[in-house]
Amino acid sequence: QVQLVESGGGLVQPGGSLRLACAASGSIFRINTMGWYRRAPGKQREMVAFITRTGITNYSESVKGRFTISRDNGQNTVYLQMNSLVPEDTAVYYCYSEASVDRYWGQGTQVTVSS
Numbered sequence: 009q010v011q012l013v014e015s016g017g018g019l020v021q022p023g024g025s026l027r028l029a030c031a032a033s034g035s036i037f038r039i040n041t042m043g044w045y046r047r048a049p050g051k052q053r054e055m056v057a058f059i060t061r062t063g064i065t066n067y068s069e070s071v072k073g074r075f076t077i078s079r080d081n082g083q084n085t086v087y088l089q090m091n092s093l094v095p096e097d098t099a100v101y102y103c104y105s106e107a108s109v110d111r112y113w114g115q116g117t118q119v120t121v122s123s
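For the sequence shown, counting from 1, position 83 maps to 91 in the numbering used here; every step adds exactly one.
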């Protein structure tokens, strides 16, 4: 089992920045990929970004160039630096980790971009 705890969400004005963090505990030695999804009101869940244990990253087109995912394997933590935020980024952001064939999820953190 892997437990994930997210932090860093909140309210920010358009053009602002936030950094999300997700700390993993439990069977962390099994974790390969970690990443983030988001769900905006009335929309389907969307993959935002992921990073493998070796540092390979991937981003959705909607956040490429604005968001940066990074990972501290020693701290078992993944970060999502979000810059140039726009109202369309408003969503609940969920951290996930993949360990073998299992996927684990955090509880979600709200990000609201509004003036």
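A virtual CB, placed ideally from N, CA and C, is assigned to each residue, including glycine.
- How is the beta strand (DSSP E) around phenylalanine 75 delimited, first residue to last? Counting along the chain, the beta strand (DSSP E) containing phenylalanine 75 begins and ends at 75-80.
- Query: Looking at C-alpha atoms only, which residue of Val94, Cys30, Met90 and Gly50 is the closest neighbour of valine 121?
  - Reply: Val94
- Coarse secondary structure for isoleucine 64, derived from DSSP in three states: coil
- Return the bridge partner residues of alanine 57 from the DSSP annotation. Trp44 and Tyr67
- Task: Would you decide whether arginine 111 is buried or exposed? Buried here means 16 or more other CB atoms lie within 10 Å of its CB.
- Result: Exposed, since its Cβ has fewer than 16 Cβ neighbours within 10 Å.
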